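Report on one structure; see the data block that follows.
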Amino acid sequence: AAIRDAVVEGLRDGTLVAPHHRTRTPGVALVGGGPGDPDLITVRGRRLLAEADVVIADRLGPRDLLAELPPHVEVIDAAKIPYGRYMAQEAINNALIEHAKQGRSVVRLKGGDPYVFGRGMEELQALAEAGIPCTVVPGISSSISVPGAAGIPVTHRGVAHEFTVVSGHVAPDDERSLVDWPSLARLTGTLVILMGVDKIGRIAETLVAHGKSPDTPVALVQEGTTAAQRRVDATLATVAETVRAEDVKPPAVIVVGPVVAVGPPAAG
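So for the sequence shown, my numbering puts the first residue at 14; every next one is plus one.
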């Protein structure tokens, strides 16, 4: 603990990132902040945060990391960037470009990994078109780390040899959905659903309608890897009512499959 505290303090005051031979990363760094616990960001990601002049942070970017930043760093909440006639994502792209063109070192802090439902490539493409150099720092995806933190292995010998990660942001009956839910219902492995709390009722109905057993175990892990983490177990038949009764809120990772029953029982 003493070593960690010393490292954190060094990152906060800049003493660990100020050797004369080290040059700051130019342009913009898309940094995956991991699933929520600030200790789960990569060493490189933490170093780039400490070097930044500007940090544009997503709602799911670990907030404790922002408290470690030196006082001169400008922190911008991406959700509060005024976008007027622009789409919100376009306004974020413009903010990244504007600050980088001023010669400032910019970090775009995201939850999880920038390329797992994080629109990282959209931002990289916008920066490339503007001639802004961009560094991508992978992060630990919540799709595997949050189940693990809750005692759920996404694979297990003799139980599941595959896992599939999908977005539940768009409901199965929405014409915009790109997810092949009927095919997923036929898989025997683990299904991990991100951003699906609000749609889990319709998702469960669709999976059952296409052949998945209504008794298939389901776990919802809310605020995974943080002090507020809690796990709620159900089945496909009961998950919609369980979410309402237990007042499960985003962000939560949903795991569907027999691996849910492999580990120790849920402890809350």
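Backbone N, C-alpha and C define an ideal beta-carbon position, used for all residues, glycine too. Since the model is a prediction, treat every value here as computed from it, not as a measurement.
**Whole-angstrom distance between residue 168 and residue 276, CA atom to CA atom** = 12 Å
Go ahead and label residue 126 buried or exposed: buried means 16 or more other beta carbons lie within 10 angstroms of its beta carbon, across all protein chains shown. buried
Measuring alpha carbon to alpha carbon, tell me which residue in 266, 220, 153 is nearest residue 250.
It is 220 whose Cα lies nearest to the Cα of residue 250.
Worksheet item: Helix or strand or just coil, what does DSSP make of residue 274?
Response: helix
- Message: Suppose the cutoff is 7 Å on Cβ atoms and the five residues either side in sequence are ignored; what does the same chain contact list for residue 118 look like?
- Response: 37, 38, 64, 65, 66
* Asked: So does residue 250 have its beta carbon nearer than 7 Å to some heavy atom of the ligand GDP?
  -> The ligand GDP is not part of the structure shown, which contains no ligands of any sort.
| Over what stretch of residues does the alpha helix (DSSP H) that includes residue 222 continue unbroken? | 213–222
Provide the residue(s) that pair with residue 169 in DSSP beta bridges, ordered along the chain. Paired residue(s): 173.
Margin query: Under 8 Å, with one C-beta from each stretch per pair, do the region 85–92 and the region 128–147 reach the 3-pair mark?
Written below: Between the region 85–92 and the region 128–147 there are fewer than three inter-stretch CB-CB distances shorter than 8 Å, so the stretches are not counted as touching.
inquiry  = Just to confirm, is the Cβ distance from residue 230 to residue 181 under 8 Å?
reply    = no
Can you have a look at residue 48 and say buried or exposed, based on whether 16 or more other CB atoms are within 10 angstroms of its CB? A residue is called buried when at least 16 other Cβ atoms come within 10 angstroms of its Cβ; residue 48 meets this threshold and is buried.
Next on the checklist: Measuring only the C-alpha atoms, how far is residue 114 from residue 108?
Outcome noted: 10 Å
message = Could you tell me the alpha carbon to alpha carbon distance between residue 150 and residue 196, rounded to whole angstroms?
response = 33 Å
Taking buried to mean at least 16 other C-beta atoms within 10 Å of its own C-beta, is residue 160 buried or exposed? buried
For residue 46 and residue 75, which I take to be in contact (beta-carbon distance under 8 Å), what is that distance rounded to the nearest angstrom? 5 Å
If you run the structure through DSSP and keep just helix, strand and coil, what is residue 255?
-> Helix, per DSSP.
Discussion item. If distances are taken between C-alpha atoms only, which option among 136, 103, 258, 111 comes closest to residue 123?
Written reply: Scanning 136, 103, 258, 111 for the CA closest to the CA of residue 123 turns up 136.
Nearest candidate by alpha-carbon position, reference residue 132, set 146, 105, 189:
105
Cutoff 7 Å; reference residue 227; Cβ partners in own chain excluding five residues on either side: The beta carbon of residue 227 is closer than 7 Å to those of 221, 248, 249, 250 in its chain, skipping five residues each way along the sequence.
**OP:** Specify, as a first and last residue, the run of the beta strand (DSSP E) that residue 90 falls within.
**Re:** Note, residue 90: beta strand (DSSP E), 87–90.
When we look at the beta-carbon of residue 201 and count the other beta-carbons within 10 Å, is it buried (16 or more) or exposed? exposed
Starting from residue 5 and walking both ways along the beta strand (DSSP E), at which residues does that stretch end?
Absent from the model: residue 5. The displayed extent of the chain is 14 to 281, so no value can be given.
Are the Cβ atoms of residue 216 and residue 264 separated by less than 8 Å?
no
According to DSSP, simplified to helix, strand and coil, what is residue 143? coil
- Query: Is it buried or exposed for residue 193, if we count other Cβ within 10 angstroms and need 16 for buried?
  - Reply: exposed
Notebook entry, point to check: At which residues does the alpha helix (DSSP H) containing residue 232 begin and terminate?
Noted result: No alpha helix (DSSP H) holds residue 232; the beta strand (DSSP E) holding it covers 230–235.
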